[in-house]
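Undergrad: As given, the protein sequences belong to chains E and R, one line each in that order. Quick note on the UniProt record's numbering: the first sequence kicks off at 1 and runs consecutively. Quick note on the UniProt record's numbering: the second sequence kicks off at 1 and runs consecutively.
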Amino acid sequence: MSAPGAIVVGGGLGGLWASLRLAEAGFPVRLFSLFEVKRSHSVCAQGGINAVLDTKGERDSIEQHILDTIKGGEYLANQPPIKSLCEQAPGLIGTFARMGVTFSRTPEGGLDLRLFGGVKHRRTCFAGASTGQQLLYGVDQQVRRLESLGRVEKFEWWEFLSLLIDADGRCRGILAMDLRSLEVRAFPAETVVLASGGFGQLYAPKTTTSTNSTGAAASRVYQQGAWFANGEFFQFHPTAMLGHDKTRLMSEAARGEGGRVWVPRTPGDRRDPTRIPERERFYFLEEFFPAYGNTVARDEASRAIWRVTRELGLGIGGGDRVYLDLTHLDRRFVATRLGAILEIYRKFAGSDPLDTPMEIFPAAHYGMGGLWVDFERDADGGMRPGSARNHATNIPGLYACGECDYAYHGANRLGANSLLSASFSGRVAGEAAANYLRGLDPARPALAETVIEAERRRQETINQRLLGADGEENPYTLHQALGALMTERVGVVRDNAGLEQALDELDRLEARLARIGLGEANRWANQTLIFTRQLADMIVLAKAVTASALARDECRGAHHKPDFELPIPEGSFPGDPEFEDYRARWRENNTRWLKTTLAEYAAPRPRIHYQAVDLSVCPPSEPRDYR
Amino acid sequence: MRETPSTIELRIRRQDGPDTPPYWETFVLPHAPDHNVVSVLMALREHPLTHDGRRVDPVCWDHNCMEEVCGSCAMLINGVPRPACSALIDQLEQPIVLEPLPKFPVVRDLLVDRSAIDAGLRKVHAWIEIDGAWDTHEPPPRIAPQQWAADYLYSRCMSCGCCMAACPQFGAGADFVGPAPLAQVRLMNAHPTGRHDKTERLHAIMAEGGLSDCGNAQNCVRVCPKAIPLTTAIGELGRQTTIQALKDLFGSS
Chain E
1 MSAPGAIVVG GGLGGLWASL RLAEAGFPVR LFSLFEVKRS HSVCAQGGIN
51 AVLDTKGERD SIEQHILDTI KGGEYLANQP PIKSLCEQAP GLIGTFARMG
101 VTFSRTPEGG LDLRLFGGVK HRRTCFAGAS TGQQLLYGVD QQVRRLESLG
151 RVEKFEWWEF LSLLIDADGR CRGILAMDLR SLEVRAFPAE TVVLASGGFG
201 QLYAPKTTTS TNSTGAAASR VYQQGAWFAN GEFFQFHPTA MLGHDKTRLM
251 SEAARGEGGR VWVPRTPGDR RDPTRIPERE RFYFLEEFFP AYGNTVARDE
301 ASRAIWRVTR ELGLGIGGGD RVYLDLTHLD RRFVATRLGA ILEIYRKFAG
351 SDPLDTPMEI FPAAHYGMGG LWVDFERDAD GGMRPGSARN HATNIPGLYA
401 CGECDYAYHG ANRLGANSLL SASFSGRVAG EAAANYLRGL DPARPALAET
451 VIEAERRRQE TINQRLLGAD GEENPYTLHQ ALGALMTERV GVVRDNAGLE
501 QALDELDRLE ARLARIGLGE ANRWANQTLI FTRQLADMIV LAKAVTASAL
551 ARDECRGAHH KPDFELPIPE GSFPGDPEFE DYRARWRENN TRWLKTTLAE
601 YAAPRPRIHY QAVDLSVCPP SEPRDYR
Chain R
1 MRETPSTIEL RIRRQDGPDT PPYWETFVLP HAPDHNVVSV LMALREHPLT
51 HDGRRVDPVC WDHNCMEEVC GSCAMLINGV PRPACSALID QLEQPIVLEP
101 LPKFPVVRDL LVDRSAIDAG LRKVHAWIEI DGAWDTHEPP PRIAPQQWAA
151 DYLYSRCMSC GCCMAACPQF GAGADFVGPA PLAQVRLMNA HPTGRHDKTE
201 RLHAIMAEGG LSDCGNAQNC VRVCPKAIPL TTAIGELGRQ TTIQALKDLF
251 GSS
């Protein structure tokens with residue numbers, strides 16, 4: 001028997017790393033992607049990738065990186081994987097550099113480091129203002145090298161539809177669709193690594209993610225029995241420039257360098273912002289947070305913008321937008337310090353932030369939650385290298401890595417940790433899947449033809465039904481309804497009544513989707529059919545996210561339910577009776593809620609249950625206190 | 001400043017499949033501020049009605065990041081190859097004429113097959129030969145910031161294909177590998193480790209369809225959305241291949 005084959009779904013950082021490690025282990029790899037792999041969403045990450053190199057004389061330490069990541073995630077992530085992530089980050093950077101990634105350099109030619117949000121040390125490697133793009137190209141080139149040696153075979157313009165699962169419940173390959181001919185074909189394999197990215201498109205258009213970040217692939221394996229963990233934790237970036245198609249990230253640096261956020265005091269004021277006098281402007285971040293003003297943390301800023309627009313009705317023109325103003329600053333200073341931001345805004349808004357205030361709103365940026373994956377704890381407290389349990393989902397033979405897994409960021413993600421987790425988890429998943437293949441019984445029976453044929457027929461039937469669908473609903477209109485619903489009810493601020501309504505509304509969206517009219521019968525490269533299939537899976541995933549949010553009655557990281565807020569009593573500090581009383585309530589809340597949410601697919605509503613978090617590296621002792 | 005029109009008029013060259021004849025359709029949509037070509041095409045797919053009220057198939061096109069970094073949405077806009085996401089409606093002459101990126105086979109409508117770029121990158125060995133994707137416990141090679149600044153210009157190439165579309169030498173029936181893969185040879189040959197395989201890459205571009213097919217039209221550098229100095233790279237490669245040819249002739253390595 002020839003070497004058993006692996007399939008990797010997704011060609012971003014996670015998928016390419018997994019492909020590399022599987023191919024290097026000697027297993028043939030088939031790599032599936034919706035488009036040319038180098039167009040994956042990893043290219044959008046600009047800022048950088050964290051690794052403790054400690055080359056700036058600041059006594060940075062790996063222990064500190066571990067602590068920052070654990071605490072940033074409010075203790076919700078299992079700690080052994082975080083320990084390994086941070087310990088192996090410097091070696092990973094070195095490997096990227098050997099691949100030829102154009103990291104920015106110090107005058108001595110070493111790797112330069114920059115400071116990033118939420119930490120005290122310079123710890124972030126970067127490559128100009130396009131770090132994600134450069135890292136992705138590095139691994140893309142290596143995969144192309146292996147492709148030229150015949151060790152990796154790419155299937156670009158193919159979409160993953162479902163897993164092939166044998167009688168023992170093992171994943172034995174995939175069913176995929178050629179996005180041109182719509183041919184549905186089975187690809188048997190002995191292991192599958194899913195690296196399909198995030199699901200920001202559930203919030204479209206108020207999301208910074210690419211249009212292919214639908215979460216459809218993750219939803220499909222969830223519907224086949226994979227657990228979806230911590231779906232309620234989604235990071236919203238406070239300052240994204242608005243667009244009809246998407247919202248584009250405006251870096252925190254704009255506030256850091258003196259940008260002021262405001263709205264007109266008069267609701268619906270339609271005057272040109274430069275003509276609104278100072279006294280008629282509401283600088284709400286400065287009023288709400290006198291100590292921090294405009295540089296208040298991401299989540300606080302998002303919630304304040306939400307309050308001003310949605311609750312006080314003071315958004316510009318009554319809508320979802322506020323000003324981020326740089327016009328009061330010295331033009332030369334702004335041009336030097338914020339060149340990249342100015343360029344993006346000018347390019348996509350067509351106006352100059354030096355002349356007129358930018359218009360921004362919070363946007364869905366990154367999903368901390370995702371497919372549940374396992375790990376094996378090592379004697380040293382990290383993840384055991386090479387264990388076939390690492391990054392394994394609960395479906396044997398199926399692995400997940402990158403943004404589609406849930407493993408490293410807990411309740412909130414630190415800046416510049418996403419490129420790190422995507423790369424690291426891809427490498428780990430590839431190594432784990434390789435060891436899974438090594439451990440397979442050589443005498444295992446082949447996957448039954450009947451399984452393959454039944455699944456192929458099921459998927460082909462969906463295509464036939466859609467091609468003949470002539471109802472009155474339009475899938476793109478329904479996608480907008482989904483995005484508006486998720487933004488409104490399952491976004492920056494949540495409450496249980498709204499979440500209950502959202503679940504009902506999602507049921508109605510599903511019913512409307514059943515009355516779809518495709519509007520075209522041309523089978524060739526039928527993008528409406530392809531998108532309609534994705535949309536159906538997005539609605540199912542939205543239910544998992546919403547049900548997880550409904551079940552969790554607390555505020556933790558990105559999940560904010562004001563009804564269950566536990567504020568630090570004002571003016572009290574450790575030792576004060578009020579503070580100690582608060583600490584006791586905080587502990588009690590952790591006892592109740594410091595656990596991983598697991599959503600298990602069931603119709604009409606998912607089943608929610610919980611799993612303990614591995615806190616073996618650093619158990620929580622102190623509440624987060626940013627005063 | 002041009003007066004803001006109340007509508008957006010699109011003339012789109014359509015094609016139902018690779019082997020069917022192209023045809024033109026005109027669409028008129030309500031104007032809204034902040035529209036770019038991708039967002040207008042998104043609005044159009046919800047209501048794909050021609051200007052004379054005929055319901056037609058939604059227009060096919062490619063898009064992903066919409067931040068001009070993934071390279072997906074390149075097409076011919078008013079005769080110029082460029083990414084559609086950063087083509088702002090209010091900065092374009094109307095009617096806005098959209099055509100598929102030329103030189104690449106049409107899949108459907110504005111969707112083209114750019115696998116020739118990938119093939120070109122494979123042909124020129126556009127990668128660094130590393131022992132493997134593992135930690136070698138050694139510091140990475142040093143690169144002077146001055147060299148970094150020059151290299152970084154080339155590493156931002158997103159394979160959008162605009163330079164290839166504008167190149168008179170590239171296309172069906174010609175072997176020319178095109179400007180984008182050539183620029184990657186310039187990038188890889190400069191890397192401290194990439195230099196080891198310089199000869200192999202130079203031989204690849206000294207063969208048929210290589211550097212000598214460049215007609216020096218300079219179109220590539222004019223249309224590159226990332227302002228990559230493609231002709232500078234081609235000039236540098238000219239010097240490198242000349243030296244390589246002499247080495248080949250006199251047998252030194």
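Don't be surprised by glycine CBs; every beta carbon is placed ideally from N, CA and C.
Look at the Cβ atom of residue 289 of chain E, then the Cβ atom of residue 265 of chain E, and state whether they are nearer than 8 Å.
TA: Their beta carbons are not under 8 Å apart, which means residue 289 of chain E does not touch residue 265 of chain E by this criterion.
Undergrad: With respect to the alpha helix (DSSP H) encompassing residue 139 of chain E, which residues constitute its N-terminal and C-terminal limits?
TA: 131-148 is the extent of the alpha helix (DSSP H) around residue 139 of chain E.
Undergrad: Under a three-way DSSP split, which group does residue 1 of chain E fall into?
TA: Reliability of the predicted coordinates at residue 1 of chain E is poor, the pLDDT of 44 falling under 50, and no value is obtained from them.
Undergrad: So within the stretch 201-241 of chain E, which uninterrupted alpha helix (DSSP H) runs reach at least 4 residues, ignoring any that extend past its ends?
TA: Those alpha helix (DSSP H) runs which fall completely within the stretch 201-241 of chain E and span 4+ residues are 216-223.
Undergrad: Let me know the beta strand (DSSP E) ranges lying completely inside the stretch 258-308 of chain E, each 3 residues or longer, listed in chain order.
TA: Entirely contained in the stretch 258-308 of chain E, the beta strand (DSSP E) runs reaching 3 residues are, in chain order, 260-264.
Undergrad: For residue 1 of chain R, does the count of other Cβ atoms within 10 angstroms reach 16, so buried, or fall short, so exposed?
TA: Low confidence applies to residue 1 of chain R: its pLDDT is 45, below 50, so where it sits in the model is not reliable, and the reading given next is rough at best. Exposed: under 16 other Cβ atoms inside 10 Å.
Undergrad: Roughly how far, in whole angstroms, is the beta-carbon of residue 52 of chain E from the beta-carbon of residue 41 of chain E, given that I think they are within contact range, below 8 Å?
TA: About 26 Å; that fails the 8 Å criterion.
Undergrad: Which residues share a DSSP beta bridge with residue 75 of chain R?
TA: BP columns for residue 75 of chain R point to R/82.
Undergrad: Give a yes or no on whether the C-beta atoms belonging to residue 349 of chain E and residue 374 of chain E are separated by under 8 Å.
TA: Not closer than 8 Å, so no.
Undergrad: Under 7 Å Cβ-Cβ, which residues of chain E neighbour residue 203 of chain R?
TA: In chain order: nothing, as chain E lies at least about 15 Å away.
Undergrad: Leaving out five residues on either side along the sequence, give the residues of the same chain with a beta carbon under 7 Å from the beta carbon of residue 106 of chain E.
TA: Taken in chain order, the residues that qualify are 112.
Undergrad: Given this structure, state the Cα-to-Cα distance separating residue 213 of chain R from residue 376 of chain E, to the nearest angstrom.
TA: Straight-line Cα distance between these residues: approximately 56 Å.
Undergrad: Residues of chain E with a CB under 8 Å from the CB of residue 58 of chain R: which are they?
TA: Correct list: 519, 520, 527, 528.
Undergrad: Tell me the DSSP secondary structure of residue 193 of chain R in three-state form.
TA: Of the three classes helix, strand and coil, the one that applies to residue 193 of chain R here is coil, per DSSP.
Undergrad: Quick one: grab the DSSP three-state call for residue 101 of chain E.
TA: Note: residue 101 of chain E maps to coil in three-state DSSP.
Undergrad: When you compare the CB of residue 107 of chain E with every CB in chain R, is at least one pair closer than 8 Å?
TA: Closer than 8 Å to some Cβ of chain R, the Cβ of residue 107 of chain E qualifies, so yes.
Undergrad: As a quick exercise: from R/35, R/93, R/103, pick the residue whose alpha carbon is nearest that of residue 242 of chain E.
TA: With distances taken between Cα atoms, residue 242 of chain E lies closest to R/35.
Undergrad: Quick one: what's residue 122 of chain E bridged to in DSSP?
TA: According to DSSP, which records beta bridges pairwise, residue 122 of chain E is partnered with E/115.
Undergrad: If contact means a Cβ-Cβ distance below 8 Å, which residues of the stretch 224-247 of chain E contact chain R?
TA: Cβ contacts with chain R come from 242, 243, 244, 245, 246.
Undergrad: Could you tell me which whole alpha helix (DSSP H) segments of length 4 or greater appear in the stretch 407-482 of chain E?
TA: DSSP runs (the alpha helix (DSSP H)) wholly in the stretch 407-482 of chain E: 418-438, 449-467.
Undergrad: Would residue 57 of chain E be called buried (16 or more neighbouring beta carbons within 10 Å of its own) or exposed?
TA: Exposed, by the Cβ-count rule.
Undergrad: For residue 173 of chain R, which residues in chain E fall below 7 Å Cβ to Cβ?
TA: Chain E residues near residue 173 of chain R: none, gap ~23 Å exceeds 7 Å.
Undergrad: Please check if any C-beta of chain E sits within less than 8 Å of the C-beta of residue 1 of chain R.
TA: Note that residue 1 of chain R scores 45 on pLDDT, short of 50, meaning its location in the model is unreliable; the coordinates nonetheless yield the value given after this. By this cut-off, residue 1 of chain R is not an interface position.
Undergrad: Going by Cα to Cα distance, which pick from E/359, E/157, E/383, E/286 is closest to residue 327 of chain E?
TA: Residue E/359 is the option with its Cα nearest to residue 327 of chain E.
Undergrad: Tell me whether the beta-carbon of residue 195 of chain R lies closer than 8 Å to the beta-carbon of residue 236 of chain R.
TA: Their beta carbons are not under 8 Å apart, which means residue 195 of chain R does not touch residue 236 of chain R by this criterion.
Undergrad: Could you check the C-alpha separation between residue 202 of chain E and residue 548 of chain E for me, to the nearest Å?
TA: If I take the Cα positions, the gap works out to 15 Å.
Undergrad: In terms of alpha-carbon separation, which member of E/276, E/250, E/387 lies closest to residue 338 of chain E?
TA: The shortest Cα separation from residue 338 of chain E among E/276, E/250, E/387 belongs to E/250.
Undergrad: Looking only at C-alpha atoms, which of E/354, E/144, E/320, E/522 sits nearest to residue 20 of chain E?
TA: That would be E/144, whose Cα lies nearest to the Cα of residue 20 of chain E.
Undergrad: Got a sec: is the Cβ-Cβ distance from residue 477 of chain E to anything in chain R below 8 Å?
TA: Yes, residue 477 of chain E counts as interfacial toward chain R.
Undergrad: Once you ignore the five residues that flank residue 315 of chain E on each side, which residues in its own chain have a CB closer than 6 Å to its CB?
TA: So the qualifying residues of the chain are 309, 321.
Undergrad: Give the straight-line distance between the Cα atoms of residue 115 of chain E and residue 104 of chain E, rounded to the nearest whole angstrom.
TA: Cα to Cα, the separation comes out at about 14 Å.
Undergrad: Buried or exposed, going by whether 16 or more other CB atoms sit within 10 Å of the CB of residue 137 of chain E?
TA: With 16 or more other Cβ atoms within 10 Å, it is buried.
Undergrad: Of all the options E/364, E/185, E/141, which has the alpha carbon lying nearest to the alpha carbon of residue 214 of chain E?
TA: The residue with the shortest Cα to Cα distance from residue 214 of chain E is E/364.
Undergrad: State the Cα-Cα distance for the pair residue 452 of chain E and residue 32 of chain E, rounded to the nearest angstrom.
TA: Distance between the alpha carbons of residue 452 of chain E and residue 32 of chain E: 18 Å.
Undergrad: Using beta carbons (cut-off 8 Å, strictly below), is residue 140 of chain R in contact with chain E?
TA: Residue 140 of chain R counts as touching chain E.
Undergrad: With 8 Å as the limit, tell me which residues of the stretch 133-151 of chain E have their beta carbon closer than that to any beta carbon of chain R; keep them in chain order.
TA: Under the 8 Å Cβ criterion, the stretch 133-151 of chain E contributes 133, 134, 137, 139, 141, 142, 144, 145, 147, 148.
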